[in-house]
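First comes the structure, then the notes that go with it.
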Amino acid sequence: MEKIKLLVFLFLTYFTCNAQEALQNFGALKIHNTGGIGFHANLINNGIFDDNYGIAGFYNDDESTISGAFRPTFNDIEVVVSNNLNLEVGVAITNNSNFILGNIITPKDQLDITLDYTNEAFYTGETETTKVDGYASITNKKGFIFPVGNENKLRPLTLLSSEINVIAKCAYFYEDPNTPSTFNTFFNTVNSSLEVLSVSTYEFWDLDSEIPSTINLTWDEESEINSITPRLKDLAVVGWSVENQTWESLGNIGYSGDFTAGNITSDTFIPNEYEIITFGESIGSKTKTADNLNLHNFILTPNGDGTNDYFIIDAVELSPNNVLQIFNRWGRVVYEKENYQNTFEGTSNNSYTILTDIKLPDGVYFYIINLYDIEFKHQGFLYIDN
């Protein structure tokens, strides 16, 4: 008994600091396989506390804090803290975290402080008021549902990667991307690529992973999805491109629910290429991106050889509601078509300015395409070489 008391004295200090009781580890603690420890005060980990089995419980009628110089690693933890458990240092879980009362909060401006689920670790008990308010992370996992949210809102993000993530992190922000609170920049929701028509101004997620992945996002009534799009089929996951500094569509390969609650799954993308992610409206989210649209000058050689026989405008896939006009060098309309479907092969159809159904002569023409569904207008040149 005397030897046990001596070891506890060497490794632990229990003291009161600024009217807040705390337990400090400055030695080497270990919870054995059938053991357990209950923290009814703050934990300050300035020693070794990373080879644990059994269970650690955090209990407080107020709030609790885990801090210190080193990250503790727990096998199982349970949280029963009325006013939340605050992390000032990262915490790792190797088996299970059980949310019973209170959120686990991490500082959203410090991405190195996370609640990390390692290898086969999982969680139970997540609700609107028991979750991670801040950054959760995974180590050596291929797929995971991050139990993240904000205050009294649970908004999980499901990650399914093509390979195992050495590390991946996620946090949810119930705030306008135009005025984020913890980023050094803003994400202008008006600045978007061609196919993105609108972007949510209510919320976003930060997801970090270098592995090609699909994700699933959830929404609730406060997401105001009906203010983003009048048609759920046009809803898409959108992301702020690090390279292009614009909002780009990440696709919609499936959704369920209605405007008050539901979820949506993205196409495959690399999360690290997008700084934040949210909901948007996208036309043709499964077709070509704006970067690939063939909107420039064209050569038409309608000789039946299978090459450049038709005037192909890829952008009409994004906007079936369109009007194409082709003009000759004197500005006369020689061809005009509503809802153009890439069928022009050099034959006129405008009887008001030129004979119809005749082959147009060689030369330079110019065209105007109005893509009404995506509110885009383009003018370019077309050279016909029969």
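Going left to right, the sequence shown walks through residues 1019 to 1404 as this note's numbering numbers them. Each residue gets a CB set at the ideal place from its N, CA and C atoms; glycine is no exception.
Which two residues bound the contiguous beta strand (DSSP E) that contains residue i?
i, result
"T1136", "1133 to 1136"
"G1161", "1159 to 1164"
"N1078", "1073 to 1078"
"Y1273", "1272 to 1275"
"F1057", "1054 to 1057"
"F1191", "1186 to 1191"
"D1226", "1222 to 1226"
"G1280", "1280 to 1283"
"F1287", "Neither: F1287 is in no beta strand (DSSP E) and is coded neither H nor E."
"S1199", "Where S1199 is concerned, there is no enclosing beta strand (DSSP E), given that its DSSP letter is neither H nor E."
Helix, strand or coil: how does DSSP classify residue i here?
i, result
"S1241", "helix"
"F1394", "strand"
"A1333", "helix"
"T1307", "At T1307, the pLDDT of 38 sits below 50, so the modelled position is not reliable and the matter cannot be decided from this model."
"S1211", "coil"
"N1113", "strand"
"N1404", "coil"
"G1465", "Residue numbering for the chain in the displayed model covers 1019 to 1404; residue 1465 lies beyond these limits and cannot be assessed."
"K1149", "coil"
"T1365", "strand"
"N1206", "coil"
"F1399", "strand"
"I1122", "strand"
"N1326", "coil"
"W1265", "strand"
"I1049", "coil"
On the DSSP bridge assignment, give the partners of residue i in chain order.
i, result
"Q1343", "E1354, I1386"
"Y1292", "S1259"
"L1177", "F1162, I1233"
"L972", "The shown model of the chain, from 1019 to 1404, leaves out residue 972, and the question about it has no answer."
"V1099", "N1078"
"Y1141", "S1115"
"T1083", "N1104"
"L1405", "This structure leaves residue 1405 out entirely; the chain is present only between 1019 and 1404."
"S1216", "E1299"
"T1091", "A1110"
"F1316", "L1400"
"N1183", "K1159"
Between the Cα of residue i and the Cα atoms of the options, which residue gives the shortest distance?
i, options, result
"Y1141", "D1130, I1131, A1154, L1129", "A1154"
"V1217", "E1291, I1301, T1176", "I1301"
"E1144", "N1168, T1136, V1334, E1138", "N1168"
"D1455", "D1068, E1213, T1157, I1295", "With the chain covering only 1019 through 1404, there is no way to say anything about residue 1455."
"Y1251", "E1242, I1282, R1350, I1233", "Note that residue 1251 is Lys in the sequence shown here, rather than Tyr. Considering only alpha carbons, the answer is I1282."
"S1115", "V1107, L1103, K1126", "L1103"
"F1316", "P1338, E1363, D1285, G1298", "E1363"
"P1125", "G1152, T1176, V1256", "G1152"
"H1050", "G1072, I1066, N1060", "G1072"
"I1246", "I1271, Y1220, G1269, S1259", "Y1220"
"V981", "V1352, Y1358, N1367", "Because the chain in this structure spans residues 1019 to 1404, residue 981 falls outside the shown range and cannot be described."
"A1279", "P1379, E1293, I1243", "I1243"
Any beta carbon from chain C within less than 9 angstroms of residue i's own beta carbon?
i, result
"D1151", "Looking at the structure shown, chain C is missing, and only one protein chain is on hand."
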